[in-house]
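Numbers in my numbering are just positions in the sequence shown, counted from 1, shifted up by 66.
The next block holds one structure in the form of structure tokens; read it before the comments.
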Amino acid sequence: MKLVVSGIKPTGRIQLGNYFGMIKEIIAMQDKYKVFLMIADLHAQTVPYKPAELQFLTYELASSLLALGIDPQKTVIFKQSDIASHLYLYWILGCLSYFGELQLMHEFKEQAERYKKQGVGVGILMYPVLQAADVLLYNADLVPVGKDQVQHLELARQLARRFNKRFGQVFKIPEIYLREETAKIMSLDNPYKKMSKSSPEGCLEIFASEKEIKEKIKRAVTDSSNEIKFDPETKPGISNLMIIYKCLTGKVLPEIEQEFFGLGYADFKEKIIEAFFDYFKKAREKKRKISKGMVNKILKEGARQANRIAEKNLKTILKIVGLR
67 MKLVVSGIKP
77 TGRIQLGNYF
87 GMIKEIIAMQ
97 DKYKVFLMIA
107 DLHAQTVPYK
117 PAELQFLTYE
127 LASSLLALGI
137 DPQKTVIFKQ
147 SDIASHLYLY
157 WILGCLSYFG
167 ELQLMHEFKE
177 QAERYKKQGV
187 GVGILMYPVL
197 QAADVLLYNA
207 DLVPVGKDQV
217 QHLELARQLA
227 RRFNKRFGQV
237 FKIPEIYLRE
247 ETAKIMSLDN
257 PYKKMSKSSP
267 EGCLEIFASE
277 KEIKEKIKRA
287 VTDSSNEIKF
297 DPETKPGISN
307 LMIIYKCLTG
317 KVLPEIEQEF
327 FGLGYADFKE
337 KIIEAFFDYF
347 KKAREKKRKI
357 SKGMVNKILK
367 EGARQANRIA
377 EKNLKTILKI
387 VGLR
């Protein structure tokens, strides 16, 4: 069975875009592959953060993933920081990385621009090297990524080849599993921007209160024509809501246009609210029953399984590079 490695940063609560863009596919993959899923808390430290908030969001993310369908009997779910071998390999790969190639990473350029007034931490530059260590440490066969992360995975593949050429054949060259393209879910208050926790008013968190979810959908940007028609160019707001409804119901866009022909935006938004709660009913109920003790137990067992493989592989790596 092929081994899949993926990670999610605990930098905010799971929202609709996260779920349909990545998490839903990871849940499907656990029935076909052996999945190692990290709560990437070390990656979350590359930008300014509050320690107490990081701890809370780590628990919140783990419990949300379990509620949504990640099965700890099929998927090894663990905290990245519980596996010290990640950092050991990170240093070794860092010594094989070139300053120039890291500066070319799109995410480094974006984050460096964003935090230039505060000062750009070295962690932002080295982020892809740690990501390479995350993947190569387990000799992953497949790494699911979106288009924005392909560059990082290409670097991981290059570092694996560089290591193998210098020290001998150790690492598999992981395959990039480009996630199935789904239409981007945009912000409810600005349909020209992707849904993100950085824009709270336009972000639809799956486990938010019923009141908050209803209010955000009702306030979602539309347009003045009151016609439910998919046209991203001239009707970006209503087109975004149609994409959301499509994801929640599985209906195709022409079918949605026909369903709401002659009806207004208020009627459409009520149907989106209904579809949202129907889709996530079981997950929201399950989330309320998940205790912190249960999450800690699952993460501890996940760390045990991950460490068993990581430490074994690291011993081989340390020996071949002359550290043992």
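No residue lacks a Cβ here, since even glycine has one placed at the ideal position from N, Cα and C.
Within 8 Å, strictly: CB atoms of residue i and residue j
i      : j      : result
LYS280 : ILE356 : no
ASP148 : GLN96  : no
ALA106 : GLY73  : yes
GLU325 : ILE80  : no
ASP289 : PRO240 : no
VAL70  : TYR99  : yes
GLU321 : LYS295 : no
LEU203 : ALA376 : yes
LEU168 : LEU191 : yes
LYS103 : THR141 : Checking the displayed sequence, the identity of residue 103 turns out to be Leu instead of Lys. Yes; because the gap between Cβ atoms is below 8 Å, this pair is in contact.
LEU159 : ILE89  : no
THR315 : ALA341 : yes
TYR193 : GLU173 : yes
Sequence-distant residues of the same chain with beta carbon closer than 8 Å to residue i, five excluded per side
i      : result
SER265 : SER253, ASP255, ASN256, LYS259
ILE364 : ALA128, LEU132, PRO138, ILE143
GLN146 : GLY73, MET104, ILE105, ALA106, ASP107, LEU108, HIS109, HIS152, ASP200
SER291 : LYS301
Backbone CA spacing between residue i and residue j [nearest angstrom]
i      : j      : result
GLN177 : LYS348 : 37 Å
VAL361 : SER130 : 10 Å
LYS183 : LYS317 : 46 Å
LEU244 : PHE343 : 29 Å
CYS161 : GLN235 : 18 Å
ALA124 : TYR115 : Looking at the sequence itself, residue 124 is Thr, so the reference to Ala does not match. One C-alpha to the other measures close to 13 Å.
THR112 : PHE144 : 19 Å
ASN306 : GLN121 : 33 Å
GLY359 : ILE304 : 42 Å
LYS75  : GLY328 : 43 Å
THR300 : VAL186 : 39 Å
PHE165 : GLY78  : 30 Å
ALA110 : TYR181 : 15 Å
ALA332 : LYS263 : 25 Å
TRP157 : LYS378 : 18 Å
LYS213 : LYS175 : 16 Å
ASP297 : ASN84  : 24 Å
PHE346 : SER163 : 43 Å
PHE233 : ALA150 : 22 Å
LYS366 : GLU91  : 24 Å
ASN373 : VAL387 : 20 Å
GLU276 : VAL101 : 32 Å
LEU319 : GLU351 : 30 Å
LYS337 : GLU126 : 28 Å
GLU119 : THR382 : 37 Å
GLY330 : GLN371 : 53 Å
GLU278 : GLU293 : 26 Å
Cβ-based neighbour list, residue i, same chain, cut-off 6 Å, excluding 5 preceding and 5 following
i      : result
ASN205 : LYS238
ALA222 : ALA198, VAL201
CYS313 : PHE86
LEU384 : ARG390
PRO302 : PRO257
PRO117 : none
Residues near residue i in its chain [Cβ-Cβ closer than 7 Å; skip 5 each side]
i      : result
LYS284 : LYS335
TYR154 : LEU380
ILE242 : VAL209, VAL211, VAL216, LEU219
LEU82  : ILE251, MET261, LEU270, ILE272, ILE310
GLY268 : SER253, LEU254, ASP255, ASN256, MET261
GLY189 : GLN111, THR112
LYS353 : SER129, SER130, ALA133, PHE273
ASN230 : VAL236, PHE237
TYR67  : Strictly speaking, residue 67 in this sequence is Met, with Tyr absent from that position. Excluding sequence neighbours, MET67 sits near TYR99, LYS100.
task = Please go through the region 115 to 173 and give each complete beta strand (DSSP E) segment of 3 or more residues, from N-terminal end onward.
result = 141 to 145
ask   = Are three or more beta carbon pairs between the region 187 to 200 and the region 219 to 226 nearer than 8 Å?
value = yes
inquiry  = Please give the ranges of any beta strand (DSSP E) in the region 195 to 231, keeping only runs that are unbroken, at least 3 residues long and fully inside the region.
reply    = 208 to 211
key: Segments assigned alpha helix (DSSP H), at least 4 residues, entirely inside the region 236 to 310   = 276 to 285
task = Any chance you could list the alpha helix (DSSP H) runs of at least 4 consecutive residues sitting entirely within the region 81 to 116, in chain order?
result = 90 to 95
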